[in-house]
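In what follows, a single structure is set out as structure tokens and then discussed.
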Amino acid sequence: MPVLLNPDRAPTLSELLRAIPGGLVQKIVPGTDQWENPRIAGIGSLVNAGPNEISFIVHPKYLDQLALTQACAVIVLPEIDAQLASCTSTQSFARVVCKHPYLLYARIAQWFEWARQSARETTIHPTAVVDPTAVLAKSVTVGPHVVIGPRCKIDAMSVISAGCVIGADVEIGASSVLHPRVSIYDGVKLGARAIIHSGAVLGADGFGFAPDPTLARGAWGKIPQLGSLIIGNDVEIGANTTVDRGALENTILEDGVKLDNQIMIGHNCHIGAHTAMAACVGVAGSTKIGSRCTIGGASMISGHLTIGDDVHVSGGTAITSNVTKPGRYTGVFPFAEHIEWQKNAAVLQQLSTLRKRLRKLEKE
Amino acid sequence: MPVLLNPDRAPTLSELLRAIPGGLVQKIVPGTDQWENPRIAGIGSLVNAGPNEISFIVHPKYLDQLALTQACAVIVLPEIDAQLASCTSTQSFARVVCKHPYLLYARIAQWFEWARQSARETTIHPTAVVDPTAVLAKSVTVGPHVVIGPRCKIDAMSVISAGCVIGADVEIGASSVLHPRVSIYDGVKLGARAIIHSGAVLGADGFGFAPDPTLARGAWGKIPQLGSLIIGNDVEIGANTTVDRGALENTILEDGVKLDNQIMIGHNCHIGAHTAMAACVGVAGSTKIGSRCTIGGASMISGHLTIGDDVHVSGGTAITSNVTKPGRYTGVFPFAEHIEWQKNAAVLQQLSTLRKRLRKLEKE
Amino acid sequence: MPVLLNPDRAPTLSELLRAIPGGLVQKIVPGTDQWENPRIAGIGSLVNAGPNEISFIVHPKYLDQLALTQACAVIVLPEIDAQLASCTSTQSFARVVCKHPYLLYARIAQWFEWARQSARETTIHPTAVVDPTAVLAKSVTVGPHVVIGPRCKIDAMSVISAGCVIGADVEIGASSVLHPRVSIYDGVKLGARAIIHSGAVLGADGFGFAPDPTLARGAWGKIPQLGSLIIGNDVEIGANTTVDRGALENTILEDGVKLDNQIMIGHNCHIGAHTAMAACVGVAGSTKIGSRCTIGGASMISGHLTIGDDVHVSGGTAITSNVTKPGRYTGVFPFAEHIEWQKNAAVLQQLSTLRKRLRKLEKE
Chain A
1 MPVLLNPDRA PTLSELLRAI PGGLVQKIVP GTDQWENPRI AGIGSLVNAG PNEISFIVHP
61 KYLDQLALTQ ACAVIVLPEI DAQLASCTST QSFARVVCKH PYLLYARIAQ WFEWARQSAR
121 ETTIHPTAVV DPTAVLAKSV TVGPHVVIGP RCKIDAMSVI SAGCVIGADV EIGASSVLHP
181 RVSIYDGVKL GARAIIHSGA VLGADGFGFA PDPTLARGAW GKIPQLGSLI IGNDVEIGAN
241 TTVDRGALEN TILEDGVKLD NQIMIGHNCH IGAHTAMAAC VGVAGSTKIG SRCTIGGASM
301 ISGHLTIGDD VHVSGGTAIT SNVTKPGRYT GVFPFAEHIE WQKNAAVLQQ LSTLRKRLRK
361 LEKE
Chain B
1 MPVLLNPDRA PTLSELLRAI PGGLVQKIVP GTDQWENPRI AGIGSLVNAG PNEISFIVHP
61 KYLDQLALTQ ACAVIVLPEI DAQLASCTST QSFARVVCKH PYLLYARIAQ WFEWARQSAR
121 ETTIHPTAVV DPTAVLAKSV TVGPHVVIGP RCKIDAMSVI SAGCVIGADV EIGASSVLHP
181 RVSIYDGVKL GARAIIHSGA VLGADGFGFA PDPTLARGAW GKIPQLGSLI IGNDVEIGAN
241 TTVDRGALEN TILEDGVKLD NQIMIGHNCH IGAHTAMAAC VGVAGSTKIG SRCTIGGASM
301 ISGHLTIGDD VHVSGGTAIT SNVTKPGRYT GVFPFAEHIE WQKNAAVLQQ LSTLRKRLRK
361 LEKE
Chain C
1 MPVLLNPDRA PTLSELLRAI PGGLVQKIVP GTDQWENPRI AGIGSLVNAG PNEISFIVHP
61 KYLDQLALTQ ACAVIVLPEI DAQLASCTST QSFARVVCKH PYLLYARIAQ WFEWARQSAR
121 ETTIHPTAVV DPTAVLAKSV TVGPHVVIGP RCKIDAMSVI SAGCVIGADV EIGASSVLHP
181 RVSIYDGVKL GARAIIHSGA VLGADGFGFA PDPTLARGAW GKIPQLGSLI IGNDVEIGAN
241 TTVDRGALEN TILEDGVKLD NQIMIGHNCH IGAHTAMAAC VGVAGSTKIG SRCTIGGASM
301 ISGHLTIGDD VHVSGGTAIT SNVTKPGRYT GVFPFAEHIE WQKNAAVLQQ LSTLRKRLRK
361 LEKE
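Chains as they are written, first to last, in the numbering used here: chain A, 1 to 364; chain B, 1 to 364; chain C, 1 to 364.
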């Protein structure tokens, strides 16, 4: 891990922990010698952290790595701390005792992310094309070659990075960040503290067509997508993800939804609060997904379904019917060496026959 | 559904239907009282339409919703109209009788889409960089920060939105719309009335490499993609979809092809007229797909295959061999609760053995 | 195939072959009459090549096509050449004898690609916004509306096409080409001779969140992604592909990796040299893939796995556990007519019961 801060800008361990909100730290056990209260220039894994970095151990199975770490301070679970305290440990790192080491790591990483950012200029770049009827708070930053349409409203502290194109009547809440080259179509509403990654397209037309034989045999007539897309607060959307606008109603992402890269959310979908989806998931139109779900990477969810709260879908699974009961659901074809797969896959297409033969034997 | 038009701009029902082409309307049954010929400010579903909106019912199973709708006018099938006429209905909405309610809905939505658009300025934005050898019809609109390369030809009424980058020798037919941030590589030809959504990339290099051990063990030498991409009329392409150029021949999308978001069409593919693909489909190189096919979301189609006309592939299916017979094809692993899936998936890898054991029993 | 060069600019066969490096050509057998040493204006398949084009035959199964080709010259395997020489062939094309016809085709295509490109202007377009602290070699080309951030280093001969946005501290090696509208986040390093297609996003945040109940029930706290993305030499990345930066360490693509369109590589992944992935593959975070692997289209690979060298994954396969042994691996549900699939899929969910019933019968 590259050192994040110059040593002279690095805080001491106690300074750093004072800057972290949330009362997560239970106890600090000073390290030995120069590591009593070391300067912390960065954060790294047990294996890769250097002597001016803090690390963390989330599970006793990593005790081997802990024994070899070079980190000057380590976040540990209380039970690991007790174990280290009882043996006459040869390790000299400081220990930060905490019941939620992973969350404390996240918070410390947030601090370093903030600390390494250079002061941002709050300006509208002269190459940006901002419609005169758009209303931008004074603290909004607009990058080069951005386009902002008529009657948009962008709240305080938000950042619209280079090359973003924002249509008419779009609203963006406070402290949101659009990374470069995001597209937002007309009328989309985005809450506060959104993070939208490069290449994401929000509010493009849903896929709506009616068979129109008057045009040609088999031809499709376009159904204009008159609904919009409404996104709550604290939503993160990954690179090249697309979320379509609704046909008649709106597509909705509730507060705290987290979408990874290259996800596709169809028109009229409604995704509940704090539901997280890994990359490459596709959700077909008009499906309603509850709150606090996790959807594994490359899953697909058919259209017009209802998925309840607290449903967890394994990666690569196709959900083709409603799921009302919380729990974990899976449907993945197990891989094998090709020749083995061939043998078994051949039988797959005779399963129904096989069952009949078995029944017959049972009756005999 | 938000009201689309200010009431003073909203047409009456009879004015609206006169503006819809196609002779789809069989009969209009006036509503009662102020709904004899109501002003129609928008269109909504039965459940969500407000009292100044028109709605539609496509199937008798929604009669419950019809009973509760607030819409001032409803498009109904003749048989539903007959049913409503026979009972002494308490409902006061006007009825528009039509054999194809869904298509009429599409046409009315098209009218509202047109009506709500503000008059477009036909200009070339001063920040656009248009090569002096490009030929643009006078009625073409070019947005901010667009780049148009040498010798391009863009026909009447087309719109190239902000941030699009168009290479050399590209041709775009009349009345086509490129939404913001579309890329078109050199030499691609696009027909009339195309709709290309944001982030789409048309004509990028196909994935072609020859093993080249002279570079390094296992190394790949690039095969330049010398073909192009030819797209017919009335084609719609979704957000972040990619269609590659051909290696030696051209990749071809025929008239009326509709591609949803995040689809990938490999080099040298040929997609027949009016074939529609839902989101996240991947078609590998050199595959030929017939006309009027529908390909469900997240399906994949292997390379070098021939898929005939009128083939319908269920979502999530992998098509790995030719399909000559029209019909519906499926291959999806059924999902289940994880623990159930585990039990059954384990047996999957012994299917061939299971069959042998069954055979043995049968012989005994 | 469109003719690539005007006949007066087309080289003769012998001139063309002299321009191809690598000593691949074993022998040239002149054609008859005017095709003794014909001018070669382009390259085409056996079926589509015209009389001023060269073609190639890679396998005897295409001898039928060879008999009908109009090409004036054909690259042939030695054994096919022997066969043609022995019979009193009526064919008049020149023969280029070569043990690796496909590789020679690739090299000739490279020559035509080079020959048809117009001389490139080496300029920084006046609309580009280049930070004054960025260091660009003199021979670098920067297109319209490009944005290049502070302290970037771009080496000789590289081309940054229109609409690309490059963050701070990015390094790009010599002779690399970024097609239009590529995003590169801060701190990413890219080797020499890279080809990055339109819409690709390199170095966006990985998908990292820690449960943070202090925010709300089920809420996720962001883990800033402090690592970077390091890409070797000779890497090609397809349109709209995304490769995320690391959480604490770096994501790494080694030399010669080839990624097709719409691929997603998660944070902390390490992809070995000369590994090639077809379109729509997803690789979840922290997975290590060896060298010289090929990953078929629309495959997915779970996170935290180790895949060895020389592993070949069939398209559409989900790899959910480590693969240490070289070989080909598959896991695809075979498709069938829908009604057949339904019958067999129903049994799939009783497999474990079926096995029990079989065991019972065997014991009787």
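Where is the CB? At the ideal position from N, CA and C, for every residue including glycine.
Counting only residues of its own chain and dropping the five nearest sequence neighbours on each side, T241 (chain A) has a CB closer than 7 Å to the CB of A200, L259, N261, Q262 and I263. Residue state for Q26 (chain A) is assigned as strand, using DSSP reduced to three classes. Annotation note: the stretch 49-97 of chain A contains the following uninterrupted alpha helix (DSSP H) runs of length 4 or greater, listed N- to C-terminal: 63-68 and 78-86. Taking all protein chains shown into account, L17 (chain B) has 16 or more neighbouring C-beta atoms within 10 Å of its C-beta and is therefore buried. A273, H274, A276, A278, A279, C280, S291 and R292: these are the residues of the stretch 273-293 of chain B whose beta carbon lies less than 8 Å from some beta carbon of chain A, given in chain order. In this structure L178 (chain C) is in contact with S161 (chain C), their Cβ atoms being roughly 6 Å apart against a cut-off of 8 Å. As DSSP reads the structure, E236 (chain B) sits in a beta bridge with B:I195 and B:K258. Residues of the stretch 313-327 of chain B that bring their beta carbon within less than 7 Å of a beta carbon in chain C comprise S314, T317, A318, I319, T320 and G327, in sequence order. A straight-line Cα-Cα distance of about 17 Å links L46 (chain C) and P38 (chain C). One finds A210 in chain B with Cβ atoms closer than 7 Å to the Cβ of Y102 (chain C), taken in chain order. The alpha-carbon separation between N233 (chain C) and S175 (chain C) amounts to approximately 10 Å. Counting along the chain, the unbroken alpha helix (DSSP H) around K363 (chain B) starts and ends at L351 to K363.
DSSP, reduced to helix, strand and coil, places R39 (chain B) within a strand of the structure shown. Counting other Cβ atoms within 10 Å of its Cβ, Q117 (chain C) stays below 16 and is therefore classed as exposed. When 8 Å is used as the limit between beta carbons, H197 (chain C) is near these residues of chain B: V201, A204 and D205, in chain order. Sequence-distant Cβ neighbours of F112 (chain B) in its own chain, meaning closer than 8 Å and more than five residues away, are L4, L5, G42 and I43. For V347 (chain A), the uninterrupted alpha helix (DSSP H) segment begins and ends at H338 to L348. Nearest neighbour of A279 (chain A) by Cα position, chosen from C:S302, C:G290 and C:M277, turns out to be C:S302.
DSSP places I124 (chain B) in the strand class (E or B) of the three-state scheme.
DSSP places P11 (chain C) in the coil class of the three-state scheme, outside both helix and strand. At the C-beta level, V347 (chain C) and L361 (chain A) stay beyond 7 Å of one another. With its beta carbon less than 7 Å from one in chain C, E249 (chain B) belongs to the interface. Going by DSSP, L103 (chain A) is part of the alpha helix (DSSP H) stretching over P101 to R116. Beta-bridge pairing by DSSP links K189 (chain A) to A:E171 and A:I230. Around the C-beta of A106 (chain A), 16 or more other C-beta atoms lie within 10 Å, and the residue is accordingly described as buried. A buried status is given to P180 (chain B), since no fewer than 16 other beta-carbon atoms sit within 10 Å of its beta-carbon.
DSSP, reduced to helix, strand and coil, places D244 (chain A) within a strand of the structure shown. Taken through DSSP and simplified to helix, strand or coil, R328 (chain A) comes out as strand. A219 (chain C) has a beta carbon lying within less than 7 Å of a beta carbon in chain A. Shown here, L202 (chain B) sits in a strand according to DSSP, grouped into three states.
Spatial neighbours of G256 (chain A) in its own chain (CB-CB distance under 6 Å, excluding positions within 5 residues in sequence) are listed in chain order as D234, A273 and H274. Rounded to whole angstroms, the Cβ separation of V25 (chain B) and V74 (chain B) is 13 Å, and the two are not in contact under 8 Å. The C-beta of K343 (chain B) comes closer than 7 Å to at least one C-beta of chain C. The three-state reading of DSSP puts L136 (chain A) in strand, counting E and B together. Per DSSP, the unbroken beta strand (DSSP E) holding H312 (chain B) starts and ends at V311 to V313. Beta-bridge pairing by DSSP links S321 (chain B) to no other residue.
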